[in-house]
């Protein structure tokens, strides 16, 4: 059996030795290199061409974000962030790295885990990340909001509007989602009038600051949902908090700790199914890159209710899992590359002018 070749990047000798020990204990993995700073990480990546990189965010010489940007632009390699970042500034660096093309994130051990629990999570995460075929991913540079809004409006005019505007947009994403969400929201006009409900699979402790980070990436307001809030017809993105399902019932947002769906809480299916029931043909939904099948059945429910549905295509998905399941179910009205999803959503808020009666 061919082993998974891993480059371990960590500035702490103690933590680095632990990572190497855990991986080397399983014959499925071969640690081909160790780096203690960002510059060395890039040099070893280019020289050794590993199958996967485990990457700390806080590194000397070059940060983990800078390493991610370079690797994904010049020698694309699946990256698993292994970080203890918990303060807001460090969390933001993790989100920046995910937006730059890192595949997933795992927290460092706290010492409170059961014996072997964290070690099993590390090996599982490295195994999963190594299977992902990443592509060249130059770091997305955020253009001025006004110019981005105008560009989205121009693109939206090339998408045929639907016969009547929608009332709400629901979006689901998982692995590769941070980068995809930035691009979709960035391509929507700044005055996009429909409320957007968002579920992203990102767990604690890394999910705590994501809404604030995403809020700073585009012209659209982003915040975590509060239980009992009204689903108002106003601009902005309302996001499910970590470890809470978000659904709509009787015009209100509800949060719950009900059981996981597809091993996920929050679950995209939980949101989509409630949106189908509550809004029917007035809904639109989009399923972006992600591993597994969460959201596919819910997207089908929205389409069956008369709503408009979009799934990201294979070529632009970091992981063609959730969108693929939606495509196989026939859940998507359109399967689109990432760059066309924002303009397609923008067109939803533009009704077709009625013909004058003669």
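Residue numbers (the working numbering): -19 to 338.
Each residue gets a CB set at the ideal place from its N, CA and C atoms; glycine is no exception.
All values reported here derive from a predicted model rather than from experimental measurement.
For residue i, three-class secondary structure by DSSP
{"i": "residue 124", "result": "Note on residue 124: pLDDT 36, under 50, position unreliable in the model; the coordinate value appears next. Residue 124 falls in the coil class under three-state DSSP."}
{"i": "residue 302", "result": "helix"}
{"i": "residue 52", "result": "helix"}
{"i": "residue 181", "result": "coil"}
{"i": "residue 210", "result": "strand"}
{"i": "residue 156", "result": "coil"}
{"i": "residue 11", "result": "strand"}
{"i": "residue 270", "result": "strand"}
{"i": "residue 1", "result": "helix"}
{"i": "residue -17", "result": "coil"}
{"i": "residue 82", "result": "coil"}
{"i": "residue 93", "result": "coil"}
{"i": "residue 162", "result": "helix"}
{"i": "residue 19", "result": "helix"}
{"i": "residue 326", "result": "helix"}
{"i": "residue 336", "result": "Unreliable placement is indicated for residue 336, whose pLDDT of 47 sits below 50; no coordinate value is reported for it."}
{"i": "residue 186", "result": "coil"}
{"i": "residue 27", "result": "helix"}
{"i": "residue 69", "result": "helix"}
{"i": "residue 6", "result": "coil"}
{"i": "residue 39", "result": "coil"}
Residue i to residue j span [Cα, whole Å]
{"i": "residue 323", "j": "residue 44", "result": "32 Å"}
{"i": "residue 108", "j": "residue 181", "result": "15 Å"}
{"i": "residue 237", "j": "residue 27", "result": "47 Å"}
{"i": "residue -11", "j": "residue 53", "result": "18 Å"}
{"i": "residue 340", "j": "residue 75", "result": "Within the shown structure, residues of the chain are numbered from -19 to 338, placing residue 340 beyond reach of any answer."}
{"i": "residue 111", "j": "residue 177", "result": "30 Å"}
{"i": "residue 95", "j": "residue 46", "result": "34 Å"}
{"i": "residue 360", "j": "residue 148", "result": "With the chain running from -19 to 338 in the structure shown, residue 360 is simply not present."}
{"i": "residue 199", "j": "residue 71", "result": "21 Å"}
{"i": "residue 212", "j": "residue 226", "result": "15 Å"}
{"i": "residue 37", "j": "residue -9", "result": "10 Å"}
{"i": "residue 12", "j": "residue 298", "result": "25 Å"}
{"i": "residue 156", "j": "residue 68", "result": "21 Å"}
{"i": "residue 234", "j": "residue 250", "result": "11 Å"}
{"i": "residue 307", "j": "residue 169", "result": "27 Å"}
{"i": "residue 194", "j": "residue 328", "result": "22 Å"}
{"i": "residue 1", "j": "residue 73", "result": "27 Å"}
{"i": "residue 5", "j": "residue -14", "result": "13 Å"}
{"i": "residue 93", "j": "residue 17", "result": "28 Å"}
{"i": "residue 30", "j": "residue 3", "result": "14 Å"}
{"i": "residue 228", "j": "residue -3", "result": "47 Å"}
{"i": "residue 305", "j": "residue 276", "result": "6 Å"}
Per DSSP, cross-strand counterpart(s) of residue i
{"i": "residue 292", "result": "316"}
{"i": "residue 63", "result": "87"}
{"i": "residue 204", "result": "219"}
{"i": "residue 34", "result": "-12, 60"}
{"i": "residue 236", "result": "225"}
{"i": "residue 263", "result": "148"}
{"i": "residue 244", "result": "241"}
{"i": "residue 115", "result": "Answer is none; residue 115 lacks a bridge partner."}
{"i": "residue 176", "result": "149, 217"}
Buried or exposed by the 16-neighbour rule on C-beta atoms within 10 Å, applied to residue i
{"i": "residue 173", "result": "exposed"}
{"i": "residue 239", "result": "exposed"}
{"i": "residue 130", "result": "Only weak support exists for where residue 130 lies, its pLDDT of 40 falling under 50; the coordinates are left without a value."}
{"i": "residue 292", "result": "buried"}
{"i": "residue 270", "result": "buried"}
{"i": "residue 218", "result": "buried"}
{"i": "residue 20", "result": "buried"}
{"i": "residue 40", "result": "exposed"}
{"i": "residue 167", "result": "buried"}
{"i": "residue -17", "result": "exposed"}
{"i": "residue 245", "result": "buried"}
{"i": "residue 221", "result": "buried"}
{"i": "residue 86", "result": "buried"}
{"i": "residue -6", "result": "exposed"}
{"i": "residue 274", "result": "buried"}
Rounded distance between the beta-carbons of residue j and residue i, thought under 8 Å
{"i": "residue 34", "j": "residue 77", "result": "In fact, because the Cβ distance is near 13 Å, the residues do not count as touching under 8 Å."}
{"i": "residue 114", "j": "residue 83", "result": "7 Å"}
{"i": "residue 265", "j": "residue 279", "result": "6 Å"}
{"i": "residue 255", "j": "residue 282", "result": "6 Å"}
{"i": "residue 154", "j": "residue 81", "result": "At roughly 15 Å, the Cβ-Cβ gap does not stay under 8 Å, so residue 154 and residue 81 are not in contact."}
Cβ-heavy atom distance, residue i to the ligand MN, below 8 Å
{"i": "residue -5", "result": "Looking for the ligand MN in the displayed structure turns up nothing, as the structure carries no ligands at all."}
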